[in-house]
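A short worksheet on the structure shown next.
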Amino acid sequence: MSRAEVMSRGDAVRRPSPLWTLGLLRSELLTTLRRWRTLALLGVLAAVPVLVGIAVKIETGDGSSAGSGGGGGGGGGPAFIAQITNNGLFLVFTALAATLPFFLPMAVGVIAGDAIAGEANAGTLRYLLVAPAGRTRLLLTKYATTMAFCLLATLVVALSALAVGAVLFPLGDLTTISGTRISFADGLGRALLIALVVAASLIGVAALGLFVSTLTNSGVAAMATTVGLLITVQILDQIPQLHAIQPYFFSHYWLSFADLMRDPVYYDDLLKNLGLQGLYAAVFGSAAWARFTAKDITA
Numbered sequence: 000m001s002r003a004e005v006m007s008r009g010d011a012v013r014r015p016s017p018l019w020t021l022g023l024l025r026s027e028l029l030t031t032l033r034r035w036r037t038l039a040l041l042g043v044l045a046a047v048p049v050l051v052g053i054a055v056k057i058e059t060g061d062g063s064s065a066g067s068g069g070g071g072g073g074g075g076g077p078a079f080i081a082q083i084t085n086n087g088l089f090l091v092f093t094a095l096a097a098t099l100p101f102f103l104p105m106a107v108g109v110i111a112g113d114a115i116a117g118e119a120n121a122g123t124l125r126y127l128l129v130a131p132a133g134r135t136r137l138l139l140t141k142y143a144t145t146m147a148f149c150l151l152a153t154l155v156v157a158l159s160a161l162a163v164g165a166v167l168f169p170l171g172d173l174t175t176i177s178g179t180r181i182s183f184a185d186g187l188g189r190a191l192l193i194a195l196v197v198a199a200s201l202i203g204v205a206a207l208g209l210f211v212s213t214l215t216n217s218g219v220a221a222m223a224t225t226v227g228l229l230i231t232v233q234i235l236d237q238i239p240q241l242h243a244i245q246p247y248f249f250s251h252y253w254l255s256f257a258d259l260m261r262d263p264v265y266y267d268d269l270l271k272n273l274g275l276q277g278l279y280a281a282v283f284g285s286a287a288w289a290r291f292t293a294k295d296i297t298a
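For what it's worth, numbering that gives the first Met the number 0 labels the leading residue of the sequence shown as 0, then goes sequentially.
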């Protein structure tokens, strides 16, 4: 056998097949979902709609409206919570509005921050790279796993809220923010679309967390840094003096999903949100790739 044939054969052995890549993704998904930390995060997310639903039920036990006591606030939260007693489907929108500013991105930040740094801390990263994966393929698999968690976490909140809303409140045709009536089936369709938009709103945080995860070998440090950056950006987004740069924060248009409950739907802020998330994913995803492919793996 010639040297060229040997090299060609060796390359064929080292080059992973598409089925092997799917197997790696499946393994990463199962490993992530079986961790107690992941199950605890999903449990907390599922509990939020339960607490909100019970609180609204208790508050409106005397027949008053959930929104009659007060007050302001931006976004879709107050407009949705005032309608929960009329239609339990609004608990889905309220729960997503309540979890999106902190609980959902925090959970995603924990999973993303631990993606690479956690493997390095556990001493398994080198073994993963010994397999015919390659750094780029492994990084993409980690990001795909994080994105799958974004979708799963959002659906857990939505389904928990739908179940609690159906038990505690009536269901039926509902009134949009614009005041028009739509059918319950149309409302369910919009709820699913809103859940997908919320999941897509987290891809910027996922890419940021993955980048941070490539900078350290400590999973705890990566998770803490990602969550800290998330909190910092949220605070900066509330300071009026920074209004000129706030539209560039990844969290600025998060609550724009409320526009899907208008008739007709307003798409301007929705498209700005999705475009901004894509930009963050591209920038920090590229930074993560550049860092990880050049990183000296010692653990």
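We put the CB at the ideal spot given by N, CA and C, even for glycine.
Note to self: So, at 7 Å on beta carbons, what are the nonlocal neighbours of R261 in its own chain, with the 5 sequence-adjacent residues on each side left out?
What the structure shows: T175, I176 and S177
Margin query: Beta-carbon within less than 7 Å of F79's beta-carbon, same chain only, minus the 5 sequence neighbours each way: which residues are those?
Written below: F89, F92, T93 and A96
Check: For A286, which residues of its own chain have a beta-carbon under 7 Å away from its beta-carbon, when the five flanking residues on both sides are left out?
Finding: F210
Next item on the list: Give me the Cβ distance between I202 and Q276, rounded to the nearest whole Å; I'm assuming they're in contact under 8 Å.
Entry: 5 Å
Check: Who are the near neighbours of L192 in its chain, counting only those whose CB is closer than 8 Å to its CB and skipping five residues on each side?
Finding: L259
Check: Helix, strand or coil for I181 per DSSP?
Finding: strand
Notebook entry, point to check: Sorted by chain position, which residues of the same chain lie with C-beta nearer than 7 Å to Y279's C-beta, five sequence neighbours on each side aside?
Noted result: G203, A206, L207 and F249
Notebook entry, point to check: Just curious, the alpha helix (DSSP H) that S212 is in, first and last residue?
Noted result: I202 to S212
Next item on the list: Taking the CB atoms as reference points, tell me whether A190 and L161 lie closer together than 9 Å.
Entry: yes
Notebook entry, point to check: Does the distance from the C-beta atom of D113 to that of G218 stay below 9 Å?
Noted result: yes
Notebook entry, point to check: So is G171 buried or exposed if we call it buried at 16+ other beta carbons inside 10 Å?
Noted result: exposed
Next item on the list: Would you mind sorting F183 into buried or exposed? The rule is 16 or more other CB atoms within 10 Å of its CB.
Entry: exposed
Item checked: For T174, the residue or residues it bridges with in DSSP -> R180
Checklist line | Cut-off 7 Å between Cβ atoms - residues of its own chain near A281, not counting five sequence neighbours on either side | finding: none
Next item on the list: Would you mind working out which of T37, A39 and V107 sits nearest A199, comparing C-alpha positions?
Entry: V107
Note to self: Given this structure, state the Cα-to-Cα distance separating A257 from I110, to the nearest angstrom.
What the structure shows: 27 Å
Note to self: Pop quiz: S255 and D236 are said to be a contact at Cβ under 8 Å. What is the actual Cβ separation, rounded to whole angstroms?
What the structure shows: No, S255 and D236 are not in contact; Cβ-Cβ is about 13 Å, not under 8 Å.
Margin query: Taking only three categories from DSSP, how would you classify G71?
Written below: Bear in mind that the predicted position of G71 carries a pLDDT of just 36, short of 50, making it too unreliable to give a figure here.
Notebook entry, point to check: Taking DSSP as the reference, what is the three-state secondary structure of N306?
Noted result: Beyond the ends of the chain as shown, which are 0 and 298, falls residue 306; an answer cannot be given.
Note to self: Please give the ranges of any beta strand (DSSP E) in the segment 134-171, keeping only runs that are unbroken, at least 3 residues long and fully inside the region.
What the structure shows: none
Check: So, helix, strand or coil for D236, using DSSP?
Finding: coil
Notebook entry, point to check: Helix, strand or coil: how does DSSP classify K294 here?
Noted result: coil
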